[in-house]
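Asker: Take this structure, written in structure tokens, and hold onto it; I'll ask about it next.
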Amino acid sequence: METSELLKKVRQIEIKTRGLSRNIFAGEYHSAFKGRGMTFSEVREYQFGDDIRSIDWNVTARFNHPYVKVFEEERELTVMLLVDVSGSRDFGTVNQTKRSLMTEIAATIAFSAIQNKDKIGVVFFSDKIEKFIPPQKGKKHILYIIRELLDFQPESSRTDVSQVLQYFTNAIKRRCTAFLISDFIDGEFERAMMIANRKHDVVALQVYDPRETELPDIGLVKLKDAETGERLWVDTSDRRLRMAYHNWWGENQISLQQVLAKCNVDSVSISTDEDYVKSLMRLFKLRS
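Here our numbering is used: the first residue of the sequence shown is 38, the next is one more, and so on.
Below, the structure written as structure tokens:
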């Protein structure tokens with residue numbers, strides 16, 4: 038992508054996603070993703086209704102009047118985006134590709150994070166770790182992330198969700214919140230997900246295209262697997278074939294939801310023809 042075109046797209050995404058995060062997500066994000074705990078703020082005079090367990094007995098004895106300790110939430114979080122950059126992300130048949138939708142979702146979460154003074158980092162993955170961007174704060178850092186989301190070219194086209202979860206678990210020492218953004222075509226990651234979510238707070242965001250849910254009746258077509266490069270002629274006029282594919286998709290969705298539920302991971306599935314804002318709002322409210 039040419040530099041001028043890239044900068045233009047970065048600016049377009051910045052304007053849209055920063056506005057969304059400021060006007061829509063700010064409060065919901067803050068409520069849904071809380072800080073690590075409570076930290077001491079100040080001492081003030083006891084007021085009717087205060088919990089007597091919060092009385093500071095040393096200060097009370099010194100002034101001969103009851104005083105209580107006041108605590109506030111330690112708000113700052115580290116947020117990680119685990120973004121699938123395998124070949125299947127370039128598929129899209131309606132309004133946009135899965136790649137462009139993933140980019141908008143990631144950018145919106147990133148702006149929501151920095152508005153709440155959280156650090157944000159990224160791991161791009163295929164069937165290996167393609168790139169690691171350490172967590173930082175600031176608008177300059179966010180714009181760098183958006184540029185990479187738009188223009189990053191992976192070395193591999195395949196997917197291995199299990200590997201990125203293992204890498205994330207080992208690389209990030211302190212507990213953080215992670216958004217795993219993928220189409221989840223690779224389904225063998227239950228154990229890695231369970232271990233990662235015990236140490237961190239993992240949220241799964243599935244991005245898919247409606248054409249992936251069923252085959253259209255358009256006769257004989259040549260299909261290409263975006264991740265393996267394998268090509269195959271398929272007779273889509275065969276009703277049994279279309280039904281088998283539709284059932285395969287449904288069974289995979291059920292299996293994915295069962296794995297995420299077993300691992301106690303909150304999730305949402307977002308189609309390229311849907312308004313992702315509504316889906317994210319439902320997820321945030323569910324966690325609040």
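Backbone N, C-alpha and C fix where the C-beta goes; we use that ideal spot for every residue, glycine too.
Remember, it's a predicted structure, so these values are computed and weren't measured experimentally.
Going by DSSP in three states, L216 sits in which element: helix, strand or coil?
Answerer: Against the sequence shown, residue 216 aligns to sequence position 179. In the sequence as displayed, the identity of residue 216 is Phe instead of Leu. Strand.
Asker: Would you check if the region 227-243 and the region 254-261 touch, i.e. whether three or more CB-CB distances between them fall below 8 Å?
Answerer: The answer is no - the region 227-243 does not touch the region 254-261, with fewer than three Cβ pairs under 8 Å.
Asker: Could you tell me whether the region 294-307 touches the region 192-204, where touching means 3 or more Cβ pairs closer than 8 Å?
Answerer: Segments in contact, no.
Asker: In whole angstroms, give me the CA-to-CA distance for S123 and E82.
Answerer: If you number the sequence shown from 1, residue 123 lands on position 86. If you number the sequence shown from 1, residue 82 lands on position 45. Cα-Cα distance, rounded: 59 Å.
Asker: Could you pull out every residue in the same chain whose Cβ sits closer than 7 Å to the Cβ of F202, ignoring the five residues on either side in sequence?
Answerer: Start at 1 with the first residue of the sequence shown, and residue 202 comes out as number 165. This sequence places Leu at residue 202; Phe is not what is there. These residues qualify, in order along the chain: F226, A229, M230, A233.
Asker: Does the region 94-107 come close enough to the region 176-194 to have 3 or more Cβ pairs within less than 8 Å?
Answerer: no
Asker: State buried or exposed for G129, treating a residue as buried only when at least 16 other CB atoms are found within 10 Å of its CB.
Answerer: The residue labelled residue 129 in the question sits at position 92 within the sequence shown. Buried, because 16 or more other Cβ atoms sit within 10 Å of the Cβ of G129.
Asker: Taking R136 as the reference, which of Q84, I218, N101 has the closest Cα?
Answerer: On the sequence shown, residue 136 is found 99 positions in, with the first residue counted as 1. Looking at the Cα atoms, I218 is the closest of the given residues.
Asker: Which word fits T250, buried or exposed, when buried means at least 16 other C-beta atoms lie within 10 angstroms of its C-beta?
Answerer: Reading the sequence shown from its first residue, position 213 is the one you call residue 250. So T250 ends up on the exposed side.
Asker: Is the region 279-289 close to the region 298-312, with three or more CB pairs under 8 Å?
Answerer: no
Asker: Kindly confirm or deny that the region 262-274 and the region 240-250 touch, where touching means at least three C-beta pairs closer than 8 Å.
Answerer: The region 262-274 vs the region 240-250: no contact.
Asker: Put V79 into one of helix, strand or coil per three-state DSSP.
Answerer: Translated into positions along the sequence shown, residue 79 becomes position 42. Residue identity differs from the one stated: residue 79 is Glu in this sequence, not Val. Three-state result, E79: strand.
Asker: In three-state DSSP terms, what is F148?
Answerer: Within the sequence shown, numbered from 1, the residue matching residue 148 stands at position 111. In the three-state reduction of the DSSP assignment, F148 falls in the helix class.
Asker: Based on the DSSP output, what are the partners of F161 in its beta bridges?
Answerer: Counted from its first residue, the sequence shown places residue 161 at position 124. Beta-bridge pairing links F161 to V120, K168.
Asker: State yes or no: is the C-beta of I52 within less than 8 Å of the C-beta of A144?
Answerer: To locate residue 52, count along the sequence shown from 1; it is residue 15. To locate residue 144, count along the sequence shown from 1; it is residue 107. Taking 8 Å as the Cβ cut-off, I52 and A144 do not qualify as a contacting pair.
Asker: Taking 8 Å as the threshold (C-beta atoms), are F216 and L187 in contact?
Answerer: In the sequence shown, counting from the first residue as 1, residue 187 sits at position 150. In the sequence shown, counting from the first residue as 1, residue 216 sits at position 179. The answer is no: Cβ separation not under 8 Å.
Asker: Enumerate, from N- to C-terminal direction, the unbroken beta strand (DSSP E) stretches of 3 or more residues contained entirely within the region 250-324.
Answerer: 257-261, 268-272, 303-308
Asker: Hey, how far is the Cα of H102 from the Cα of R48?
Answerer: Here residue 102 corresponds to residue number 65 of the sequence shown, with the count starting at 1. Here residue 48 corresponds to residue number 11 of the sequence shown, with the count starting at 1. Each residue's alpha carbon lies about 58 Å from the other.
Asker: Rounded to whole angstroms, how far is the Cβ of T309 from the Cβ of L138, which I believe are closer than 8 Å?
Answerer: Taking the sequence shown and counting its residues from 1, one reaches residue 309 at position 272. Taking the sequence shown and counting its residues from 1, one reaches residue 138 at position 101. Separation of the CB atoms of T309 and L138 is rounded to 5 Å, and the pair is thereby assigned contact status at 8 Å.
Asker: Give the DSSP-derived three-state secondary structure of K106 in the structure shown.
Answerer: In the sequence shown, residue 106 corresponds to position 69, counting from 1. Here K106 sits in strand by DSSP.
Asker: Between E264 and S125, which are expected to be in contact by the criterion C-beta below 8 Å, what is the C-beta distance as a whole number of angstroms?
Answerer: On the sequence shown, residue 264 is found 227 positions in, with the first residue counted as 1. On the sequence shown, residue 125 is found 88 positions in, with the first residue counted as 1. Correct: roughly 6 Å between the Cβ atoms.
Asker: Could you give the distance in angstroms between the alpha-carbon of I92 and the alpha-carbon of T214?
Answerer: To locate residue 92, count along the sequence shown from 1; it is residue 55. To locate residue 214, count along the sequence shown from 1; it is residue 177. Roughly 33 Å separates the two Cα atoms.
Asker: The beta strand (DSSP E) that contains Q243, what's its start and end?
Answerer: Taking the first residue of the sequence shown as 1, we reach residue 243 at position 206. Taken as a continuous stretch (DSSP letters only), the beta strand (DSSP E) holding Q243 covers 238-245.
Asker: Relative to the alpha-carbon of T115, which residue among V160, P172, D312, R324 has its alpha-carbon at the smallest distance?
Answerer: Here residue 115 refers to the residue found at position 78 of the sequence shown. Comparing Cα-Cα distances from T115 to each of V160, P172, D312, R324, the minimum goes to P172.
Asker: How far does the alpha helix (DSSP H) with E349 in it extend, from its first residue to its last?
Answerer: Within the shown structure, residues of the chain are numbered from 38 to 325, placing residue 349 beyond reach of any answer.
Asker: CB-CB under 8 Å to K168, same chain, minus the five flanking residues each way: which ones, in chain order?
Answerer: Your numbering for residue 168 matches position 131 in the sequence shown. If we look at K168 and ignore the five residues flanking it on each side, its Cβ neighbours are V159, V160, F161, E185, F189.
Asker: Near E79, which residues of its chain fall below 6 Å by C-beta distance, leaving aside the five closest residues on each side in sequence?
Answerer: In the sequence shown, residue 79 corresponds to position 42, counting from 1. The answer, listed in chain order, is V107.
Asker: Under the three-state reduction of DSSP, which class applies to T406: helix, strand or coil?
Answerer: This structure gives no information on residue 406, because the portion of the chain shown stretches from 38 to 325.
Asker: First and last residue of the alpha helix (DSSP H) that includes Q200?
Answerer: Sequence index remark: in the sequence shown, residue 200 carries index 163 (1-based). That run of the alpha helix (DSSP H) goes 198-208.
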